[in-house]
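Trainee:
In the working numbering, the protein residues as written are 4 to 497.
1) Can you check DSSP and say which residues form a bridge with residue 55?
2) Can you tell me the Cα-Cα spacing of residue 89 and residue 168, whole angstroms?
3) Considering only C-alpha positions, which residue in the set 179, 429, 247 is nearest to residue 190?
4) Note down the Cα distance separating residue 370 from residue 249, rounded to an integer number of angstroms.
5) Quick check on residue 481: buried or exposed, where buried means 16 or more other Cβ atoms within 10 Å of its Cβ?
6) The alpha helix (DSSP H) that contains residue 163, what's its start and end?
7) Indicate the three-state DSSP secondary structure (helix, strand or coil) for residue 78 in the structure shown.
8) Please work out which residues of its chain come closer than 6 Å, Cβ to Cβ, to residue 426, disregarding the five sequence neighbours upstream and downstream, and give them in chain order.
9) Going by DSSP, what residues sit across from residue 168 in a beta bridge?
10) Can you round the beta-carbon distance between residue 185 and residue 431 to whole angstroms, since I take them to be within the 8 Å contact cut?
11) By Cβ distance below 6 Å, which residues in the same chain neighbour residue 80 in space, the five residues on each side in sequence not counted?
12) Could you give the DSSP three-state label for residue 182: helix, strand or coil?
13) When the distance is taken between beta carbons, is residue 271 closer than 8 Å to residue 365?
14) Measuring alpha carbon to alpha carbon, tell me which residue in 459, 50, 203, 386 is nearest residue 235.
15) Alpha carbon to alpha carbon, how far is residue 40 from residue 34? Give it in angstroms, no decimals.
16) State buried or exposed for residue 402, treating a residue as buried only when at least 16 other CB atoms are found within 10 Å of its CB.
17) Is the number of C-beta pairs between the segment 98-112 and the segment 152-159 that are closer than 8 Å three or more?
18) Could you check what DSSP says for residue 436 in three-state terms: helix, strand or coil?
19) Looking at C-alpha atoms only, which residue of 178, 150, 377 is the closest neighbour of residue 161?
20) Could you tell me the distance, in whole angstroms, from the CA atom of residue 197 to the CA atom of residue 435?
21) Among the candidates 164, 199, 176, 222, whose CA atom is the shortest distance from the CA of residue 182?
22) What is the rounded straight-line gap between the Cα of residue 423 and the Cα of residue 393?
23) Check the C-beta distance from residue 264 over to residue 368 and give it rounded, since I have them as a contact under 8 Å.
24) Residues in the same chain with beta-carbon distance under 6 Å from residue 395, minus the five sequence neighbours each way, listed in chain order, please.
25) Is there a Cβ of chain B sitting closer than 8 Å to that of residue 155, yes or no?
26) Quick check: what's the CA-CA separation for residue 43 versus residue 442?
Following this line, the structure appears as structure tokens:
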């Protein structure tokens with residue numbers, strides 16, 4: 004080996020690593036813990052909202068409104084036009100107006116969490132924010148920074164977080180906003196685009212009147228209102244709300260009423276027949292009360308018939324045992340007459356009641372039939388009015404569409420601009436963006452290893468002590484004959 008040549012083996016490198024192991028481990032551990040502490044306790048998660056706009060550029064993209072045939076649309080792709088739209092969208096005026104409208108500079112602070120870890124994180128952020136404020140005040144005091152108002156501070160944050168770009172091959176503008184406020188980022192981006200569209204309409208608005216289609220639209224609107232009022236008045240007068248459902252309801256009610264009327268009529272005929280049979284039983288020679296018909300068991304009629312049957316049986320027995328003028332026979336006949344009178348009164352009351360029920364059912368049926376007939380008659384007029392309203396709506400829609408086309412063409416002719424449409428609105432993000440904690444841990448570990456190696460190399464460069472026999476022989480350029488171990492109890496200089 005030539006003089007001055009420095010050669011180191013892998014064993015010596017490993018020995019250096021072993022010799023500096025605690026320094027290396029401390030550097031790696033400190034780096035990982037610092038990164039994890041910052042990410043977990045101090046750093047605020049960032050949320051991204053994305054919205055997309057499509058440009059339809061060129062005057063030829065809006066055919067004249069008087070053209071009633073098939074319209075062919077030609078979209079001109081102009082990079083300069085996209086750049087101008089991006090400049091309008093990111094203008095300071097719109098951002099300032101947005102901040103003042105939504106009061107973004109005075110967003111409320113989040114409440115203190117209930118969990119222990121959440122409280123630790125919350126107060127750690129407060130301490131970090133306080134220390135940052137002190138540092139900022141110090142830099143302002145020595146003139147390195149300018150004091151900003153809350154609005155200016157949020158304006159800077161918003162301006163740096165807003166990214167609007169467009170691809171050369173596409174007419175779509177993509178706007179994404181990244182803020183540490185999950186509930187605000189999508190609302191702010193959507194409102195910014197609304198302000199951009201409003202500002203754009205005011206910027207390119209023309210004053211040329213389209214008298215023809217405006218007049219036709221106004222006339223069609225008045226006609227539509229007239230026929231709608233006419234239809235509404237007719238529906239109120241005819242009681243029409245939902246015609247189809249009303250017809251179904253009336254038909255079902257009429258069918259049920261017809262069935263109830265038929266049942267009431269049958270019951271009335273039965274009552275009339277019983278009254279007739281009772282009169283026949285009174286005037287007949289043989290009083291056969293079984294021919295009165297069936298009575299409900301336990302009813303008054305049923306009990307009276309049973310009593311009449313018993314009384315008639317007793318009278319027949321008395322006829323065989325006593326004379327026709329005997330007091331017992333006269334009492335039996337008087338009892339039969341009394342029972343017949345009670346039964347007749349009962350049957351007559353039942354007849355009157357069923358007659359009233361039948362008349363009420365029949366009146367209900369006739370009323371439903373009249374309602375259905377009236378609804379059928381009103382349906383003809385109602386359908387004619389509906390067709391008139393539909394025709395007026397088509398006329399109004401046609402003229403209104405033509406008016407809008409005329410206004411668009413007029414604006415294009417004056418300002419020669421295109422049309423911008425929002426094809427994707429921003430939505431509230433579900434997850435924060437950025438590197439995952441696992442990836443951050445990996446990066447922190449790699450960075451810690453590199454820093455530890457650099458620190459070990461720096462220590463080794465300034466440490467001229469001899470630790471091995473080989474190193475001593477190499478430095479002295481002479482073989483080492485023996486090694487005397489150092490007693491660790493001895494101090495340097497003793």
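We put the CB at the ideal spot given by N, CA and C, even for glycine.
Mentor: Taking the coordinates as given:
1) As a first step, residue 55 must be located in the chain shown, where it is residue number 52. Per DSSP, 177, 427.
2) Residue mapping note: residue 89 aligns to position 86 of the chain shown, counting from 1. Residue mapping note: residue 168 aligns to position 165 of the chain shown, counting from 1. So the alpha carbons of these two residues sit roughly 7 Å apart.
3) The residue you call residue 190 lines up with position 187 of the chain shown. Checked all of 179, 429, 247; the closest Cα to residue 190 is 429.
4) Here residue 370 refers to the residue found at position 367 when the chain shown is read from its first residue. Here residue 249 refers to the residue found at position 246 when the chain shown is read from its first residue. One C-alpha to the other measures close to 15 Å.
5) Position 478 of the chain shown, counted from the start, is the residue given in the question as residue 481. Looking at its Cβ environment, which holds fewer than 16 other Cβ atoms inside 10 Å, residue 481 is exposed.
6) Locating residue 163 in the chain shown gives position 160, counting from the first residue. It spans 153-164 - the alpha helix (DSSP H) in which residue 163 sits, taken as one unbroken run.
7) To locate residue 78, count along the chain shown from 1; it is residue 75. With a pLDDT of 47 at residue 78, under the threshold of 50, the modelled position of this residue cannot be trusted; read the value that follows with caution. In the structure shown, residue 78 sits in coil (DSSP, three-state: anything other than H, G, I, E or B).
8) Counted from its first residue, the chain shown places residue 426 at position 423. The residues are 55, 57.
9) Taking the chain shown and counting its residues from 1, the one referred to as residue 168 is at position 165. Paired residue(s): 177.
10) The residue you call residue 185 lines up with position 182 of the chain shown. The residue you call residue 431 lines up with position 428 of the chain shown. Confirmed, Cβ separation roughly 7 Å.
11) As a position in the chain shown, residue 80 is number 77, starting the count at 1. Any reading at residue 80 must be qualified, since the residue scores a pLDDT of 48, below 50, and its modelled position is unreliable; the value itself is stated next. Contacts found: 174.
12) Taking the chain shown and counting its residues from 1, one reaches residue 182 at position 179. Three-state result, residue 182: strand.
13) Taking the first residue of the chain shown as position 1, residue 365 is located at position 362. Taking the first residue of the chain shown as position 1, residue 271 is located at position 268. Going by C-beta atoms, residue 365 is not nearer than 8 Å to residue 271.
14) Indexing the chain shown from 1 puts residue 235 at position 232. Answer by Cα proximity: 386.
15) Locating residue 34 in the chain shown gives position 31, where the first residue counts as 1. Locating residue 40 in the chain shown gives position 37, where the first residue counts as 1. Rounded to whole angstroms, residue 34 to residue 40 spans 10 Å at the Cα level.
16) Residue numbering aside, residue 402 sits at position 399 when the chain shown is read from its first letter. Buried, because 16 or more other Cβ atoms sit within 10 Å of the Cβ of residue 402.
17) yes
18) Working through the chain shown from its first residue, we reach residue 436 at position 433. Strand at residue 436.
19) In the chain shown, counting from the first residue as 1, residue 161 sits at position 158. Closest option to residue 161, Cα to Cα, is 178.
20) In the chain shown, the residue the question calls residue 197 occupies position 194. In the chain shown, the residue the question calls residue 435 occupies position 432. Taking C-alpha positions only, residue 197 is separated from residue 435 by approximately 25 Å.
21) Against the chain shown, residue 182 aligns to sequence position 179. Looking at the Cα atoms, 164 is the closest of the given residues.
22) As a working mapping, residue 423 is identified with position 420 in the chain shown. As a working mapping, residue 393 is identified with position 390 in the chain shown. Distance between the alpha carbons of residue 423 and residue 393 is about 32 Å.
23) By one-based count along the chain shown, residue 264 stands at place 261. By one-based count along the chain shown, residue 368 stands at place 365. Between residue 368 and residue 264 the Cβ distance is about 5 Å, and since that is below 8 Å, they are a contact.
24) As a working mapping, residue 395 is identified with position 392 in the chain shown. Within the same chain, residue 395 has close Cβ partners 226, 227, 230.
25) Checking the listed chains, one finds no chain B in this structure; it contains a single protein chain.
26) Counting from one through the chain shown, the residue named residue 43 turns up at place 40. Counting from one through the chain shown, the residue named residue 442 turns up at place 439. The straight-line gap separating the alpha-carbon atoms of residue 43 and residue 442 is approximately 14 Å.
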